[in-house]
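Trainee:
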Amino acid sequence: LFASEQRAQLVMENALDAIINMDTAGLIIEWNKAAERIFGYKRSEVLGRRLAETIVPEVYREAHNQGLQRLQHSGASKLLGRSIEITALRNNGTEFPVELTIIEIVSHTQRYYSAFLRDITRRKDYEARIKFLANYDALTGLPNRNLLNERVTQEITEAEIQASQFTLMFLDLDHFKDVNDSLGHRYGDRLLVELTRRFQNLVRPEDTICRLGGDEFVFLLAGADHD
30 LFASEQRAQL
40 VMENALDAII
50 NMDTAGLIIE
60 WNKAAERIFG
70 YKRSEVLGRR
80 LAETIVPEVY
90 REAHNQGLQR
100 LQHSGASKLL
110 GRSIEITALR
120 NNGTEFPVEL
130 TIIEIVSHTQ
140 RYYSAFLRDI
150 TRRKDYEARI
160 KFLANYDALT
170 GLPNRNLLNE
180 RVTQEITEAE
190 IQASQFTLMF
200 LDLDHFKDVN
210 DSLGHRYGDR
220 LLVELTRRFQ
230 NLVRPEDTIC
240 RLGGDEFVFL
250 LAGADHD
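Here the sequence shown is numbered in my numbering, starting from 30 and rising by one per residue.
Here is the structure:
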């Protein structure tokens with residue numbers, strides 16, 4: 030039994046994920062090294078503290094406490110044994126996304142809960158970047174052809190339903206190739222970014238400016254007639 034406990038402790042201390050044990054009252058009873066690294070608290074600082082007040086943002090604490098009470102009274106929880114994504118709190122007050130899995134551990138002497146938490150900030154940033162690049166131009170931040178197609182389809186549908194009109198304009202920059210050839214693509218990119226800023230100052234918030242690629246832009250003016 031002693032050797033088994035030693036192995037379990039060794040695994041816990043060398044795990045890459047934060048492993049936090051709490052008792053049935055919601056008090057922290059174990060805190061591994063990964064938890065120290067991820068949340069910024071030393072083990073000695075958190076033992077005996079309420080988990081909700083330590084790593085749960087204030088806006089979610091009431092829901093956490095209600096879930097713990099249901100677990101205490103009924104022994105059932107939708108969280109046990111499955112992974113979910115939640116927002117956690119570091120000791121410096123910053124919030125970040127984590128993947129959480131909670132299991133219940135029952136021994137002949139006690140019952141407690143073990144939470145496994147993985148910082149997924151990089152993964153969420155990567156997913157957001159992929160989603161952004163699917164719909165927006167990386168240089169200017171303007172909607173790309175994909176998003177333009179969606180918005181044009183939406184405008185056509187609304188125009189048919191409401192018997193309204195919208196305006197679609199195509200804009201091509203004359204002699205843009207001369208800028209790239211004489212000054213280099215870096216200056217060509219700076220020109221496109223500056224033009225984007227100026228274009229955005231010319232339209233309404235409900236309008237869409239799209240960069241098709243190169244020096245080609247499209248303006249979608251919602252609800253605007255030809256005049």
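All C-beta atoms in this analysis are idealised placements derived from N, C-alpha and C, irrespective of residue type, glycine included.
Just grab the DSSP bridge partners of V127 for me.
Mentor: I115 and D148
Trainee: Under the rule that 16 or more other beta-carbon atoms within 10 Å means buried, what is H102, buried or exposed?
Mentor: exposed
Trainee: Determine the DSSP secondary structure at L177, reduced to helix, strand or coil.
Mentor: Helix.
Trainee: Ends of the beta strand (DSSP E) at L200?
Mentor: T196 to D201
Trainee: Along the beta strand (DSSP E) that carries G242, what are the first and last residues, could you check?
Mentor: Per DSSP, G242 belongs to the beta strand (DSSP E) from T237 to G242.
Trainee: Name, in chain order, the residues that DSSP records as bridge partners for D166.
Mentor: None, per the DSSP bridge assignment.
Trainee: Go to A47, then tell me how far its beta strand (DSSP E) extends in each direction, as first and last residue.
Mentor: A47 to D52
Trainee: What residue does the beta strand (DSSP E) around V85 start on, and which one ends it?
Mentor: Element bounds for V85: n/a, residue is neither H nor E.
Trainee: Classify V232 as helix, strand or coil using the three-state DSSP reduction.
Mentor: coil
Trainee: Using 8 Å as the threshold, is the region 80-92 in touch with the region 177-188, meaning 3 or more CB pairs across them?
Mentor: no
Trainee: Can you name the start and end residues of the beta strand (DSSP E) that L212 belongs to?
Mentor: Counting along the chain, L212 falls outside any beta strand (DSSP E), though it belongs to the alpha helix (DSSP H) covering F205 to L212.
Trainee: Note down the Cα distance separating Q139 from L56, rounded to an integer number of angstroms.
Mentor: 14 Å
Trainee: With three or more C-beta pairs closer than 8 Å as the rule, is the region 239-251 touching the region 188-208?
Mentor: yes
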